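>
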Amino acid sequence: MPKRNTHLRPDLCKPFKRARTFDLYNHKNVERVVSGAFHELKQEQISEQIRRHLASSPSIPRNILPFNTSFTKYDLFLDEKDKCRAISTAKKVLAGPLPPPPPPPRKRMLKDRTKARGRLKSLRKICTQVAATHIKLQSSEMIAKLPVHLKQRLLQSTAKRHHLTDQLLVQFKDSDYERVYLKCGTFTNQGLAEFFDHSKVYACHSDLPLQSSTGTSLENPSRSSSLKSIDISFCKNLKGRQTSTTIVDSTPALTHLNIAGCFDLSEGPAALGTIARGLSKLVQLDISSVSWLIDSMLLLFIDWETQLKDLKVLIIDNCTRVDGLYIQEKLHEIRADLTVKI
140 MPKRNTHLRP DLCKPFKRAR TFDLYNHKNV ERVVSGAFHE LKQEQISEQI RRHLASSPSI
200 PRNILPFNTS FTKYDLFLDE KDKCRAISTA KKVLAGPLPP PPPPPRKRML KDRTKARGRL
260 KSLRKICTQV AATHIKLQSS EMIAKLPVHL KQRLLQSTAK RHHLTDQLLV QFKDSDYERV
320 YLKCGTFTNQ GLAEFFDHSK VYACHSDLPL QSSTGTSLEN PSRSSSLKSI DISFCKNLKG
380 RQTSTTIVDS TPALTHLNIA GCFDLSEGPA ALGTIARGLS KLVQLDISSV SWLIDSMLLL
440 FIDWETQLKD LKVLIIDNCT RVDGLYIQEK LHEIRADLTV KI
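Just remember that this note's numbering sits 139 ahead of the position in the sequence shown, which is counted from 1.
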């Protein structure tokens, strides 16, 4: 049996000498000093084994060694098999297993209020959607008493869930709307004209000056000065001449108009001319998805030098008979600030 090496360094023997001088009854101090000395010897022995193994296998990864050491230039050219062998060897040399991987970062379920607005529905939006789903169960008196901003949201939600008829549309009559969304409705020109005719709302107050809820006087009660945007796209029952006349007479301050998918060849060109003459404050006009529109109509029925001077965006997407690039070049020569989307 080989003789065990019991040689100790002088600095490591000092704790033993100090321990012998302690009181015999002070067992805790003796145990602490002795265990500390043995722990230091053990760490020195492990470090010596790692240094000895590093001389024969210089490819142990740096991130698993407990001390700084220099690698050779051959470590950059090791293949995957050598790296795996080096890691397995290092695991055997090091005391204990490798630490477990860190837990995945926790994701916050709720973000800041400003970031969560786009994901979490507000109570107002939920109530509006429920009321729009069961709009036929609501009374016209209840709808008429709603504030303008709630009535406007309810009208938009109803149009997205139902095909608006004349009867439904008239229940939402109001003169203080800012945006009207009536897409894919089945109402007729009679229902649209009654929706924009606000004279009956003030007829019962003939002894008072005609004023809107915002306090502005109404010389013509059928005209709405607050309405800025109308979307009547894909309303197939509307006639072009009557619709354009109703909109021009009722909404002089309109800035956004969407008539995509509306009218036919017999009504569309005349409606386009009426809109160009009457809605001078238009900023965006959408006449997409119509089969009656051709290049010459855009250049003949609208005088681009004198009409629609405030128009910034013209949308003619999905118009099969329109050469979009040609129209873009022509209108750019006349109006350089006009954007044509095709």
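We treat Cβ as the ideally placed atom computed from N, Cα and C, and that holds for glycine. The model shown is predicted, which means the values in this text are computed figures rather than measured ones.
1. Indicate the three-state DSSP secondary structure (helix, strand or coil) for Gln-467 in the structure shown.
2. Beta-carbon within less than 8 Å of Lys-480's beta-carbon, same chain only, minus the 5 sequence neighbours each way: which residues are those?
3. Using three-state DSSP, classify Ile-414 as helix, strand or coil.
4. Once the 5 residues before and after Asp-425 are set aside, which same chain residues still bring their CB inside 6 Å of it?
5. Report the three-state DSSP secondary structure of Val-387 (helix, strand or coil).
6. Looking at the structure shown, is Ile-441 part of a helix, part of a strand, or coil, going by DSSP?
7. Look at the alpha carbon of Ile-369 and the alpha carbon of His-395, and state the distance between them as a whole number of angstroms.
8. Determine the burial state of Glu-472: buried for a count of at least 16 other Cβ atoms within 10 Å of its Cβ, exposed for fewer.
9. What three-state label does DSSP hand Val-287 in the structure shown?
10. Measuring only the C-alpha atoms, how far is Gly-324 from Ser-389?
11. Kindly indicate which three-state DSSP category Val-461 falls into: helix, strand or coil?
12. May I ask which residues mark the beginning and end of the alpha helix (DSSP H) holding Trp-264?
13. Throw me the rounded Cβ distance for the Lys-322 and Ser-279 pair, which I believe falls under 8 Å.
14. DSSP three-state label for Arg-380, please.
15. Just confirm the distance between the C-beta atoms of Leu-418 and Thr-385, as a whole number of angstroms; I'd bet it's less than 8 Å.
16. Please state the DSSP three-state secondary structure of Gln-295.
17. Using 10 angstroms around the beta-carbon of Ser-345, count the other beta-carbons present and answer buried if the total reaches 16, otherwise exposed.
18. Can you give me the C-alpha to C-alpha distance between Gln-486 and Asp-476, rounded to a whole angstrom?
19. Does Gln-310 come out as helix, strand or coil in the three-state DSSP assignment?
20. Leu-437: which of Gln-381, Val-461 and Val-422 sits nearest, CA to CA?
21. Alpha carbon to alpha carbon, how far is Ala-415 from Asp-403?
22. Mapping the DSSP letters down to three states, classify Thr-208 as helix, strand or coil.
23. Exposed or buried, which one is Ile-265 when buried takes at least 16 other CB atoms within 10 Å?
Reading from the atomic positions:
1. Position 328 of the sequence shown, counted from the start, is the residue given in the question as residue 467. DSSP places Gln-467 in helix when its eight states are reduced to three.
2. For the purposes of this step, residue 480 is taken as residue 341 along the sequence shown, with counting starting at 1. Closer than 8 Å at the Cβ level, and outside the excluded window around Lys-480, lie Val-452, Leu-453, Ile-454, Ile-455 and Asp-456.
3. Position 275 of the sequence shown, counting from 1, holds the residue named residue 414. Under the three-state reduction of DSSP, Ile-414 is assigned to helix.
4. Taking the first residue of the sequence shown as 1, we reach residue 425 at position 286. Asn-397, Ala-399 and Ile-454.
5. The residue you call residue 387 lines up with position 248 of the sequence shown. In this structure, Val-387 counts as helix in the three-state DSSP scheme.
6. Here the question's residue 441 lines up with position 302 in the sequence shown. Coil at Ile-441, not helix or strand.
7. Start at 1 with the first residue of the sequence shown, and residue 369 comes out as number 230. Start at 1 with the first residue of the sequence shown, and residue 395 comes out as number 256. Ile-369 and His-395: Cα-Cα distance of roughly 6 Å.
8. As a working mapping, residue 472 is identified with position 333 in the sequence shown. The residue is exposed, with fewer than 16 neighbouring Cβ atoms inside 10 Å.
9. Sequence index remark: in the sequence shown, residue 287 carries index 148 (1-based). Here Val-287 sits in helix by DSSP.
10. Along the sequence shown, one-based indexing puts residue 324 at 185. Along the sequence shown, one-based indexing puts residue 389 at 250. Spanning the two alpha carbons is a distance of roughly 19 Å.
11. Counting from 1 along the sequence shown, the entry for residue 461 is found at position 322. Of the three classes helix, strand and coil, the one that applies to Val-461 here is coil, per DSSP.
12. As a first step, residue 264 is located in the sequence shown; it is residue number 125 there, counting from the start. It should be noted that the sequence gives Lys, not Trp, for residue 264. 262-272 is the extent of the alpha helix (DSSP H) around Lys-264.
13. Looking up residue 322 in the sequence shown gives position 183. Looking up residue 279 in the sequence shown gives position 140. Not quite, the Cβ-Cβ distance comes to about 22 Å (not below 8 Å), so this is no contact.
14. On the sequence shown, position 241 is the one that residue 380 refers to. It is helical.
15. By one-based count along the sequence shown, residue 418 stands at place 279. By one-based count along the sequence shown, residue 385 stands at place 246. Actually they are not in contact, since the Cβ atoms of Leu-418 and Thr-385 sit about 12 Å apart, beyond 8 Å.
16. As a working note, residue 295 is residue 156 in the sequence shown. Of the three classes helix, strand and coil, the one that applies to Gln-295 here is helix, per DSSP.
17. As a first step, residue 345 is located in the sequence shown; it is residue number 206 there, counting from the start. Any answer about Ser-345 is weak, because its pLDDT of 40 lies below 50 and its placement is not dependable; what the coordinates show is given next. Burial call: exposed.
18. The structure shown does not extend to residue 486, since the chain is modelled only from 140 to 481, so the question has no answer here.
19. By one-based count along the sequence shown, residue 310 stands at place 171. In this structure, Gln-310 counts as helix in the three-state DSSP scheme.
20. The sequence position of residue 437 within the sequence shown is 298, counting from 1. Per the Cα distances, Val-461.
21. Within the sequence shown, residue 415 is the residue found at index 276, counting from 1. Within the sequence shown, residue 403 is the residue found at index 264, counting from 1. When rounded, the distance between both Cα atoms is 18 Å.
22. As a first step, residue 208 must be located in the sequence shown, where it is residue number 69. With a pLDDT of 43 at Thr-208, under the threshold of 50, the modelled position of this residue cannot be trusted; read the value that follows with caution. Correct three-state label for Thr-208: coil.
23. Here residue 265 corresponds to residue number 126 of the sequence shown, with the count starting at 1. Residue burial annotation: Ile-265 is exposed, with fewer than 16 other C-beta atoms found within 10 angstroms of its C-beta.
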